[in-house]
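For reference, the structure discussed in these notes is given below.
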Amino acid sequence: WFRERFGRNYEVNSPQFDRRLFFFQESATRHAYLNSFSAASQSAKYGINQFSDLSQREFQDLYLRASADRAPAFSGQKAEG
Amino acid sequence: LPAKFDWRDHAIVAPVQNQQACGSCWAFSVVGAVQSVHAIGGSQLVELSVQQVLDCSFQNKGCNGGTPVAALKWLTQTRVKLVPQSEYPYKAQTRMCHFFSGSHGGVGVKNFTALDFSGQEEAMMGHLVKHGPLSVVVDALSWQDYLGGIIQYHCSSKRSNHAVLVVGYDTTGDIPYWIVQNSWGTTWGDKGYVYMKVGSNICGIADSVAAVFL
């Protein structure tokens, strides 16, 4: 389902498949942990999405590439900025 | 302040985009803010070129990352005008900067503010209502697995790594939340959006908040 849903074309039982399956299984374990914090209906839910076959390192390297500049605290002054 | 406010209701927020395998969130965040503020000023909502910012904002590193503030400094200092996305389409790769003549149409940024609203998220709401969608940088490591709902845990205010666009808030329910547009396509999160609890600087959402002025 995952491969079809997100257009992955790696072959079953290839080294690439095995690697991705490992990360997918790691994701599933992570989802159980993340979802254990709150059962409230409005709370965030975590589960399978297009990033589930990436390792956390791959995800960070690809998508988390921004950094923040230190900003002065808001003081309510009209002339701020 | 209104109990809830969403710039999408005012038809000034462009559709969710997909940065693909390129670390260009900082450019999407800045361009999202600029095109919305341009529309708030009475112009038609036009999608502006993320690729132009990616290629030309020399203090940043293209697909290898950057900061919204550096992109905004570049825009204000050079007076470069952002051209429509249709004229300079997104390629998800850093390429050679394409220059346009001064007479070429586009949207320029006159000024911007970058402020820390941690502990003052109500003031940040006022800032959003007054100035338009805000470019922020958050810790999004746990967003790898996000499907929807309001994020209250699993992120830090001390390791910002992803730039997004805050377009609204809602304080009418049990958990007040920010409405945030991401740039990972509409299949991620709630049709491309993520909701984050208001009031505890969740994921560092209030630490580095940029508003643009055209």
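Chains A and B are the protein sequences, given in the same order.
Residue numbers for the first sequence follow the numbering used here, beginning at 1 and rising by one.
Residue numbers for the second sequence follow the numbering used here, beginning at 82 and rising by one.
All residues carry an ideal CB built from backbone N, CA and C; glycine is no exception.
The structure presented is a predicted model; accordingly, all values stated were derived computationally and were not measured.
Within its own chain, the residues whose Cβ lies closer than 6 Å to the Cβ of ASP53 of chain A, once the five positions on either side in sequence are excluded, are ARG20, PHE23 and PHE24, listed in chain order.
If you check each beta-carbon in the region 147-176 of chain B against every beta-carbon of chain A, the ones closer than 8 Å belong to GLY147, THR148, PRO149, VAL150 and ALA151.
At least one beta carbon of chain A lies nearer than 8 Å to the beta carbon of PHE198 of chain B.
For TRP107 of chain B, the enclosing alpha helix (DSSP H) begins and ends at 106-121. Just measuring C-alpha positions, the residue of B:ALA195, B:SER264 and B:PHE181 sitting nearest LYS154 of chain B is B:ALA195.
Scanning the region 204-276 of chain B from its first residue to its last, no whole alpha helix (DSSP H) run of 4-plus residues comes out. In terms of Cα proximity to PHE198 of chain B, the closest of B:GLY270, B:SER216 and B:GLY187 is B:SER216.
DSSP, reduced to helix, strand and coil, places LEU82 of chain B outside both helices and strands of the structure shown, so it counts as coil.
With a threshold of 8 Å between beta carbons, ASP288 of chain B makes contact with chain A. The residues VAL219, ASP220, SER238 and SER241, in chain order, have a CB closer than 6 Å to that of GLY285 of chain B in the same chain once the five nearest residues on each side in sequence are set aside. Within chain B, the residues whose beta carbon sits less than 9 Å from that of GLY76 of chain A are GLN201 and ALA204, listed in sequence order. About 15 Å separates the CB atoms of PRO214 of chain B and SER289 of chain B; that is not less than 8 Å, and the two are not in contact. Distance from the Cα of ALA173 of chain B is smallest, within the candidate group B:TRP107, B:GLU202, B:SER281 and B:ASP255, for B:TRP107. Close to GLY230 of chain B, with beta-carbon spacing below 7 Å, are these residues of chain A in chain order: GLN42, SER43, ALA44 and LYS45. Here the alpha carbon of LEU82 of chain B sits roughly 14 Å from the alpha carbon of VAL279 of chain B. When 8 Å is used as the limit between beta carbons, ASN145 of chain B is near these residues of chain A: ARG65, in chain order.
Around the beta-carbon of GLY113 of chain B, 16 or more other beta-carbon atoms lie within 10 Å, marking it buried. Among the residues of chain A, those whose CB is under 7 Å from the CB of TYR227 of chain B are ALA44 and TYR46, following chain order. For VAL293 of chain B, no alpha helix (DSSP H) run applies; the uninterrupted beta strand (DSSP E) run containing it begins and ends at 290-294, by DSSP.
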